[in-house]
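One structure is given here, and the rest of the page talks about it.
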Amino acid sequence: MIEEFEAERPRMFGLAYRMLGSAAEAEDVVQDAYLRWSGAEREHIGSPGAWLAKVVTNLCLNRLTAACATRERYVGFWLPEPAPTGALGPMETAEQRDAVSIAFMLLLERLTPAERAVFVLREAFSYGYREIAEVLDLSEANCRQLYGRARRGVGERPRFDAPGEQRRRIVERFLAAATSGDLAGLERLLADDVVVWADGGGKVRAALRPITGRDKVVRYLAGIAGRYGQAEFAHADVNGQDAVLFRYGGEVIAIFVIEVSAETVVGLRVVLNPEKLSHLKEVAGS
């Protein structure tokens, strides 16, 4: 039976992560699901995948209810915890990658827990309404209504204008400029109205509001780099996006998730909260 669970583990992690926006919490949920799986009577489990999807979804719903109160008290700007792209399931298409981007995960925060569950099961895992109804113990009609509200709540999905290879090239230039301390080179890569959102969670110093405009963003990036001596920068692939890891003394200090349009960087999501970085030690160079 362990083999059956392990076969479902990647899908369960992907489901929990999309529900919670936290890799650490998703791992906890999968572990809780395993404990329930270990203690379950096998004759009551028809399809392991369906049984685990129901358990994981309901565990996530319980956590989301508590998370709403926690995030109201969060210090500064809250960003989803970045996750290695390879841990999130198939990413063969631009649509699949966009659907786990940090920007899109933020859109999911607009939804109620039930709306988010229906949306994720429908959009990311192609569940039919009958299957969703069985997972959530709701009627099919109710699930259709929840999905409709979720689609309206999410609105227009964020799309990257630059193709994947072009985005990678811009990120490589950003990485080279950061590594060499070339502030003029960084400035040339930024759009006039580039925006930075930083998440320190009250654990480390971070801007509490978005920073807008090329000049302000360059000064902000220079300030982060200036806090440390010999720092390392490395390419990483998280949430279907190219990113830059910032390391100091062997520890991941920050990750810059870069949004590109045409030939410029239009947005930077900077995660500095150390509680959201501990699992990213092995993603550099992916």
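Here the sequence shown is numbered in our numbering, starting from 859 and rising by one per residue.
Using N, Cα and C, we set each Cβ at its ideal position, and we do this for glycine too.
If you reduce the DSSP assignment to three classes, tell me which class residue i lands in.
| i | result |
| --- | --- |
| Q954 | helix |
| L1126 | strand |
| S1144 | In this prediction, S1144 has a pLDDT of 45, which is less than 50 and means its spatial position is unreliable; what the coordinates show is noted afterwards. Reduced to three states, the DSSP call for S1144 is coil. |
| V1075 | helix |
| I1070 | One point to set straight first is that residue 1070 is Thr, not Ile, in the sequence displayed. Three-state result, T1070: strand. |
| P1176 | The question about residue 1176 has no answer here: the residues shown for the chain are numbered 859 through 1144. |
| S896 | helix |
| S1119 | strand |
| A982 | coil |
| Y987 | helix |
| W909 | helix |
| F1114 | strand |
| D995 | coil |
| A1056 | strand |
Does the Cβ-Cβ distance between residue i and residue j come in under 8 angstroms?
| i | j | result |
| --- | --- | --- |
| A1056 | L1044 | no |
| T923 | P971 | yes |
| V1054 | Y1086 | no |
| F962 | L1033 | no |
| H1137 | A881 | yes |
| D956 | G1059 | no |
| A1008 | F977 | yes |
| E1117 | I1028 | no |
To the nearest angstrom, how far is it from the Cα of residue i to the Cα of residue j?
| i | j | result |
| --- | --- | --- |
| P938 | Y875 | 10 angstroms |
| R1072 | L1048 | 6 angstroms |
| L1004 | S984 | 15 angstroms |
| S1144 | L969 | With a pLDDT of only 45 at S1144, under 50, the local geometry of the prediction cannot be trusted, and the value read off the model is given with reservation. Each residue's alpha carbon lies about 32 angstroms from the other. |
| L893 | A991 | 24 angstroms |
| V1128 | C1001 | 35 angstroms |
| G897 | K912 | 16 angstroms |
| K1061 | I1111 | 12 angstroms |
| L910 | M870 | 7 angstroms |
| V1052 | L1066 | 17 angstroms |
| T915 | G1084 | 43 angstroms |
| R1010 | R980 | 15 angstroms |
List the whole-angstrom C-beta distance separating residue i from residue j, where the pair is believed to meet the contact cut-off of C-beta under 8 angstroms.
| i | j | result |
| --- | --- | --- |
| I1113 | L1126 | Incorrect: roughly 10 angstroms between the Cβ atoms, too far for contact. |
| A891 | L919 | Actually they are not in contact, since the Cβ atoms of A891 and L919 sit about 13 angstroms apart, beyond 8 angstroms. |
| V1075 | I1069 | 6 angstroms |
Stretch-stretch touch, CB-based, cutoff 8 angstroms, three pairs: the segment 944-952 with the segment 921-933: Contact between the segment 944-952 and the segment 921-933 is absent: fewer than three C-beta pairs spanning the two stretches fall below 8 angstroms.
State whether the segment 994-1003 contacts the segment 1124-1133, with contact taken as three or more CB pairs (one from each stretch) at a distance under 8 angstroms. The count of Cβ pairs closer than 8 angstroms, one atom from the segment 994-1003 and one from the segment 1124-1133, stays below three, leaving the stretches out of contact.
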